[in-house]
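S.K.: Here the sequence shown stands for residues -4 to 158, where the numbers follow the working numbering.
Each residue gets a CB set at the ideal place from its N, CA and C atoms; glycine is no exception.
The structure presented is a predicted model; accordingly, all values stated were derived computationally and were not measured.
Attaching a single structure in C-alpha cells format; questions to follow.
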Amino acid sequence: MKFLKRNKLLNEVIITGAFIYICILFVEAIRYEGFTEFLPFKFTIFEILKNYFLAISFLLIIEYFVSYELPNNYLFARLFGLFVMITFTLVAFNLFSKTWIFSDKLAINLIYIVSIVYGCIASYYITTIKLKRSLLIGVLNYIIIAAIFVIFTFNSPGGYIFT
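Set out below in C-alpha cells:
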C-alpha cells in the first residue's frame, strides 16, 4: 500500500474510479425502484451519460465534505474528467453500434471502466496545472452540463443517443 500512497495517479485511478463505478451501479440499481424523474430509466446512450454525471456529482459532494486538501482547480478537473468519460463513451458506442456491444453486458461494463479510467487520468493531470479562475469555470461548466441533462431528460429530441 506504500506504492499507492506515493503514486497519486494510480491512487486517483483506482480509488476514485472504483467509487465512480460503484455510484453508477448504485444509480442503475435504484432506477428500478421508482425514482425515475431525473435518474436514468431506460437503456440509452444518453442515460449512460446521465449515470456518469450523477456519479461525478456524488463524488463532488462527498469529497468536498470529507477532504480538506483540495486543489484550486478541483471542480474543473472533475468536470474535465466527466467530459472525457462522455466523449469516450460516445465514440465507443458509435464505433461498435453495429456489433456485439449493445447485446453484451460485459462489453458495456468494459466501456464504463475504460471511460472512467481515462476520465480519472485526465482529471489527475488537470489538477497538476495551475489555472486562474478555475472555480468559476468549473461552477459554470457544472451548471451548463446539469441544465443540458435536465432539458434533454424532459424534452428528448429523439435520435441515436436518445433511443
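If you follow the alpha helix (DSSP H) that Thr148 is part of, which residue opens it and which one closes it?
M.R.: Walking along the sequence shown from the start, residue 148 turns up at place 153. Taken as a continuous stretch (DSSP letters only), the alpha helix (DSSP H) holding Thr148 covers 129 to 149.
S.K.: Here's a check: name, in chain order, each residue in its chain whose Cβ is nearer than 6 Å to the Cβ of Ile121, leaving out the five neighbours to either side.
M.R.: For the purposes of this step, residue 121 is identified with residue 126 of the sequence shown, where counting begins at 1. So the qualifying residues of the chain are Ala72, Phe75.
S.K.: Which residue wins for smallest C-alpha separation from Cys18, given the options Ile140, Leu54, Cys115?
M.R.: Numbered from 1 along the sequence shown, position 23 holds the residue referred to as residue 18. The shortest Cα separation from Cys18 among Ile140, Leu54, Cys115 belongs to Leu54.
S.K.: Go ahead and label Phe60 buried or exposed: buried means 16 or more other beta carbons lie within 10 angstroms of its beta carbon, across all protein chains shown.
M.R.: Along the sequence shown, one-based indexing puts residue 60 at 65. Burial call: exposed.
S.K.: Got a sec? Which residues, its chain only, sit under 8 Å from Asn130 by beta carbon, not counting five neighbours each side?
M.R.: Along the sequence shown, read from residue 1 onward, the residue named residue 130 stands at position 135. At residue 130 the sequence reads Leu, which differs from the Asn that was named. Counting only Cβ-Cβ distances below 8 Å, and skipping sequence neighbours, we find Asn67, Asn68, Leu70, Phe71.
S.K.: Rounded to whole angstroms, what's the CA-CA distance from Leu101 to Asn150? Just pull it up for me.
M.R.: Numbered from 1 along the sequence shown, position 106 holds the residue referred to as residue 101. Numbered from 1 along the sequence shown, position 155 holds the residue referred to as residue 150. Taking the straight line from one Cα to the other gives about 30 Å.
S.K.: Just verifying my parser: in three-state terms, what is the DSSP assignment at Ile124?
M.R.: Looking up residue 124 in the sequence shown gives position 129. In this structure, Ile124 counts as coil in the three-state DSSP scheme.
S.K.: Between Phe48, Ile132, Phe41, which has its C-alpha nearest Thr148's C-alpha?
M.R.: For this step, residue 148 is matched to residue 153 along the sequence shown. The shortest C-alpha separation from Thr148 is found at Phe41.
S.K.: For Tyr107, which of Ile138, Ala141, Ile124, Val79 has the nearest alpha-carbon?
M.R.: Taking the sequence shown and counting its residues from 1, the one referred to as residue 107 is at position 112. Of the candidates Ile138, Ala141, Ile124, Val79, the one whose C-alpha sits nearest the C-alpha of Tyr107 is Val79.
S.K.: So, at 6 Å on beta carbons, what are the nonlocal neighbours of Tyr113 in its own chain, with the 5 sequence-adjacent residues on each side left out?
M.R.: For the purposes of this step, residue 113 is identified with residue 118 of the sequence shown, where counting begins at 1. For Tyr113, where only same-chain residues beyond five positions count, the Cβ hits under 6 Å are Val79, Phe83.
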